[in-house]
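Some notes on the structure that comes next.
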Amino acid sequence: MNSELAQNKTENLAVASSISNLDRMKSGLQSVFLQTCVVDLQFHNTWIEANLLFDSGSMRSFICKNLAEQLNLPVTQKEHLLIHTFGNREPKEKIFDVVKVIISNKKQPKKSTECELLVSDTITNAVLPTPNLTIEKLLETNHMAQSDLCLSQSNKEINVLIGADLYWQFHTGCIKRINKNLFCVETIFQWTLMGNNNLRKNMDSIVENLCFCEHQSNCNSEIKYCFKTYETNEEFNEYQIVIFCDASGRAYGAIAYIYYKGNSDFHVNFVSSKARVAPLQKLSLQRLELLATLIGARLLKTLRKVFKITNNYILFSYSTVALSWIRGYVKQWKPFASNRVHEIQDLTNPQNWRFVKGEQNPADIVSRGCSAEGLMKNTRFCHGPHWLILSEENWPKNERLSQETTHEERRVKYISINYLSEFQNEEPI
1 MNSELAQNKT ENLAVASSIS NLDRMKSGLQ SVFLQTCVVD LQFHNTWIEA
51 NLLFDSGSMR SFICKNLAEQ LNLPVTQKEH LLIHTFGNRE PKEKIFDVVK
101 VIISNKKQPK KSTECELLVS DTITNAVLPT PNLTIEKLLE TNHMAQSDLC
151 LSQSNKEINV LIGADLYWQF HTGCIKRINK NLFCVETIFQ WTLMGNNNLR
201 KNMDSIVENL CFCEHQSNCN SEIKYCFKTY ETNEEFNEYQ IVIFCDASGR
251 AYGAIAYIYY KGNSDFHVNF VSSKARVAPL QKLSLQRLEL LATLIGARLL
301 KTLRKVFKIT NNYILFSYST VALSWIRGYV KQWKPFASNR VHEIQDLTNP
351 QNWRFVKGEQ NPADIVSRGC SAEGLMKNTR FCHGPHWLIL SEENWPKNER
401 LSQETTHEER RVKYISINYL SEFQNEEPI
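In terms of full-length UniProt numbering, the sequence shown is residues 1 to 429.
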């Protein structure tokens with residue numbers, strides 16, 4: 001008996017329902033956004049902030065009873081309705097008070113509409129999710145002036161529901177797709193969010209990087225081929241290009257610096273970098289390292305034209321295997337290594353390639369990734385390893401590499417041997 005009374009009470013309070021488990025969703029999990037925003041309700045000279053929910057699945061629009069009482073809204077008429085709720089086949093009769101109120105944009109009060117709303121005890125007991133920082137940054141990146149998507153700080157309940165009867169009085173009809181399942185719908189309260197938030201984990205970092213660059217003037221500016229970073233009368237000479245190469249299972253690439261000597265000390269500045277995503281067809285790490293050195297050689301070709309440098313360059317790689325291939329005889333390798341080594345040897349002098357330790361290789365950032373904010377703070381990326389500002393005598397030496405590491409890419413040689421035997425024919429006795 002008690003359970004039936006409780007069920008009837010819930011049905012009386014439920015004006016509009018939506019199937020949702022949003023209040024059980026934890027932070028970071030998949031959730032569905034409904035169109036919510038913060039608006040101002042006006043009656044005569046009284047203004048009250050309210051949380052509004054757009055729901056085209058509801059035939060009528062409603063306002064909470066406590067909010068109508070705070071505004072002292074007079075009842076203009078009464079309306080007899082049949083209320084259909086989820087899980088019940090039979091509708092329930094109920095009489096609602098009808099009131100009039102002006103709903104306006106908080107930031108632009110002139111954008112307003114006078115509405116007739118039905119007074120209900122509550123709109124919904126569900127706790128609706130609000131966009132997190134990642135979603136808000138995503139909207140900013142798409143240059144969308146959003147409304148107050150987050151619910152009021154003083155009140156988290158939905159106070160007003162706009163149904164299908166008034167829905168299009170507030171909407172402009174403009175809809176923009178943010179991603180596969182997330183949309184922005186334009187209203188007189190500016191943009192509202194709607195859809196499924198199933199952003200991948202790595203999408204969050206992409207959005208954060210894009211938004212960090214959007215707000216950083218030094219990220220928006222184009223990186224030019226420039227190695228004189230401040231006004232000075234100091235003479236510069238001994239220009240040299242230094243390139244580092246590296247690869248991982250996800251990407252490979254190279255990063256280039258210009259090394260030059262002033263009157264008193266050495267200077268090193270970032271010039272350019274190039275990276276590519278590892279191919280879908282899985283390759284060995286040695287082959288990816290070779291592809292990274294090829295990127296470095298091609299990058300050198302471009303920079304040599306810019307700086308008009310002939311042989312003043314040095315290239316570094318962490319892979320002893322790739323360095324052995326580059327210093328070896330081209331035709332002794334299989335086609336994959338042979339073709340790429342041939343191009344590298346055409347673009348560079350094999351003796352200009354050197355080994356560098358992994359922890360000192362700035363190209364490690366290119367191949368393994370880094371956040372935009374972390375990149376701006378990374379001095380090794382901007383100026384190379386600590387020893388690069390020293391004289392060249394203090395750089396890693398051009399060590400001799402073992403040829404045993406290149407056995408798997410050696411071309412197999414087949415030798416055909418023909419034996420010819422001569423027998424003397426003896427006549428029978």
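Note that CB positions come from ideal geometry on N, CA and C, so glycine has one too. Owing to the predicted nature of the structure, the values given are computational and were not obtained by experimental measurement.
Residue range of the alpha helix (DSSP H) that includes Glu393: Looking at the DSSP string, Glu393 is not in any alpha helix (DSSP H), and its letter there is neither H nor E.
Of all the options Pro385, Leu71, Gly358 and Glu49, which has the alpha carbon lying nearest to the alpha carbon of Pro109? Glu49
Touching or not, the region 287-298 and the region 242-251, by the rule of three or more beta carbon pairs under 8 Å? yes
Ile417: buried (16+ other C-beta within 10 angstroms of its C-beta) or exposed? exposed
Our contact map puts Val242 next to Tyr257 with C-beta atoms below 8 Å; I'd like the distance itself, whole angstroms only. 5 Å
Roughly how many angstroms lie between the CA atoms of Glu114 and Leu182, to the nearest whole one? 30 Å
Can Gly380 and Pro362 be called in contact, C-beta distance under 7 Å? One detail in the question is off: residue 380 reads as Arg in this sequence, not Gly. Contact: yes.
N- and C-terminal bounds of the beta strand (DSSP E) containing Ser104: Lys92 to Ser104
Under a three-way DSSP split, which group does Ser58 fall into? coil
So is Leu388 buried or exposed if we call it buried at 16+ other beta carbons inside 10 Å? buried
Quick check: is any heavy atom of the ligand HEM less than 6 Å from the C-beta of Ser248? The ligand HEM is not part of the structure shown, which contains no ligands of any sort.
Note down, in chain order, each residue of its chain lying with its Cβ closer than 7 Å to the Cβ of Lys274, except the 5 sequence neighbours on either side. Gly253, Ala254, Ile295 and Leu299
Short Cβ contact (7 Å threshold) for Val99 with Gln77: no
So what's Ile255 in DSSP terms, helix, strand or just coil? strand
Measure the alpha-carbon distance for Gly328 versus Pro350 and round it to whole angstroms. 9 Å
Could you tell me which of Asn72, Lys308, Ser58 and Lys65 sits nearest to Thr85, measuring between CA atoms? Ser58
How is Tyr239 classed by DSSP in three states: helix, strand or coil? strand
Expressed to the nearest angstrom, what Euclidean distance is found between the alpha-carbon atoms of Arg410 and His342? 15 Å
What does Asn72 pair with, by DSSP beta-bridge criteria? Paired residue(s): none; Asn72 is not in a bridge.
So, at 7 Å on beta carbons, what are the nonlocal neighbours of Lys106 in its own chain, with the 5 sequence-adjacent residues on each side left out? Val38, Val39, Asp40 and Asp148
With Tyr318 as the anchor, note down where its alpha helix (DSSP H) starts and where it stops. No alpha helix (DSSP H) contains Tyr318, which DSSP labels as neither H nor E.
Per DSSP, what are the beta-bridge partners of Ile48 in this structure? Leu41
Looking at the secondary structure, which residues open and close the beta strand (DSSP E) in which Ser338 lies? Premise fails: Ser338 lies in the alpha helix (DSSP H), Pro335 to Leu347, not in any beta strand (DSSP E).
Based on the DSSP secondary-structure assignment, which residues constitute the bridge partners of His171? Thr187
Name the one or two DSSP bridge partners that Cys382 has. Note: Cys382 sits in no beta bridge, so no partner.
Helix, strand or coil for Leu388? Go by DSSP, reduced to three states. helix
Under 7 Å between C-beta atoms of Leu53 and Leu193: no
Out of Ser272, Arg60 and Thr46, which one is the CA nearest neighbour of Glu69? Thr46
On the DSSP bridge assignment, give the partners of Asn196 in chain order. Val32
Would a C-beta distance cut-off of 7 Å place Phe170 and Leu118 closer than the cut-off? no
Straight-line CA distance for Asn66 to Glu373? 47 Å
Enumerate in chain order the residues of its own chain whose CB-to-CB distance from Pro91 is below 8 Å, with the five nearest sequence positions on each side excluded. Leu82, Ile83 and His84
Phe307 by DSSP, collapsed to three states: which one? helix
If you draw a straight line from the C-alpha of Lys176 to the C-alpha of Asn196, how long is it? 14 Å
Taking all protein chains shown into account, decide if Thr310 is buried (16 or more other Cβ within 10 angstroms of its Cβ) or exposed. exposed
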